[in-house]
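Written out below as structure tokens is the structure these notes cover.
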Amino acid sequence: MSLGKTEVGGSCEQMLLRISSALDEALSDMDQAGLASHLATCPSCRVQAAEVAAVDQLFRALQNTRSAQTAPTADFAQQVMKQIGVEKATCGGILQFTQRVAQDKNLQSLFRPAASMALFVDLFMRAGWQRGYCFSSGEVVNLLNTRQAANDDLSDEQLDMVVAGVGPNSAALHAFLGDVLQNWFKPPV
Numbered sequence: 071m072s073l074g075k076t077e078v079g080g081s082c083e084q085m086l087l088r089i090s091s092a093l094d095e096a097l098s099d100m101d102q103a104g105l106a107s108h109l110a111t112c113p114s115c116r117v118q119a120a121e122v123a124a125v126d127q128l129f130r131a132l133q134n135t136r137s138a139q140t141a142p143t144a145d146f147a148q149q150v151m152k153q154i155g156v157e158k159a160t161c162g163g164i165l166q167f168t169q170r171v172a173q174d175k176n177l178q179s180l181f182r183p184a185a186s187m188a189l190f191v192d193l194f195m196r197a198g199w200q201r202g203y204c205f206s207s208g209e210v211v212n213l214l215n216t217r218q219a220a221n222d223d224l225s226d227e228q229l230d231m232v233v234a235g236v237g238p239n240s241a242a243l244h245a246f247l248g249d250v251l252q253n254w255f256k257p258p259v
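Written out as structure tokens, the structure reads:
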């Protein structure tokens with residue numbers, strides 16, 4: 071099909087752009103009149119307009135169907151929480167606990183190692199995965215719990231270097247970490 075210039079309303083190429091724009095209701099009155107005039111005299115553009123309108127209508131119908139199918143119900147969050155066994159906490163409870171933690175040094179000490187432990191578990195997992203070993207973070211935590219006495223073999227400074235990922239010599243740190251990964255975490259015999 072060849073698109074060309076017609077006598078009424080402009081070229082077919084311009085009209086195809088207007089047809090597309092008309093679907094979004096973005097035409098001025100003058101452009102709308104020019105499009106209607108062109109479509110009245112150009113059978114090729116009428117066919118194109120009908121095809122574009124049909125595709126647009128189909129797309130909108132599919133979009134509406136998809137939205138209706140995927141829209142969550144009003145109690146969706148409550149159903150999920152029930153299925154995974156989580157009770158809904160009240161805002162007052164979380165605020166009260168936060169205030170208690172802020173005032174209780176013993177509770178605060180429970181949370182300090184969390185960041186260090188998470189960083190170490192992540193580092194240990196990445197090092198293992200890079201070497202082709204597949205295991206979960208839960209397995210690492212279990213191993214740490216069973217080998218907790220091994221911490222006594224390392225100085226606080228060495229543990230801090232491993233956790234923080236810093237040190238005066240990064241090559242030495244990497245060598246140290248490799249030694250830790252090879253020797254410290256040997257499976258219990």
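Count the sequence shown with the numbering used here and you get residues 71 to 259, in order.
The beta carbon of each residue, even a glycine, is placed where N, CA and C say it ideally should be.
Here the structure is a predicted model, which means the values were calculated and not measured.
Selection Q169, E83, I89 and D145 evaluated against A119 yields I89 as nearest (Cα-Cα). L105 counts as buried, since no fewer than 16 other beta carbons sit within 10 angstroms of its beta carbon.
Residue environment analysis places M85 among the buried positions, since at least 16 neighbouring C-beta atoms fall within 10 angstroms of its C-beta.
Counting along the chain, E83 sits inside the alpha helix (DSSP H) bounded by residues C82 to L93. The C-alpha of P113 lies about 14 Å from the C-alpha of E83. For the pair R196 and Q178, the Cα-to-Cα distance works out to about 29 Å. In this chain, the alpha helix (DSSP H) harbouring D99 covers D99 to T111.
Here the alpha carbons of L93 and A103 stand approximately 15 Å from one another. In the three-state reduction of the DSSP assignment, A120 falls in the helix class. As the crow flies, the alpha-carbon of A123 is around 42 Å from that of Q148. Rounded to the nearest whole angstrom, the C-alpha separation of Q169 and N176 is 13 Å. Here DSSP, grouped into helix, strand and coil, assigns D145 to coil. For D174, the three-state secondary structure derived from DSSP is coil. L128 counts as exposed, since fewer than 16 other C-beta atoms from the protein chains shown sit within 10 angstroms of its C-beta.
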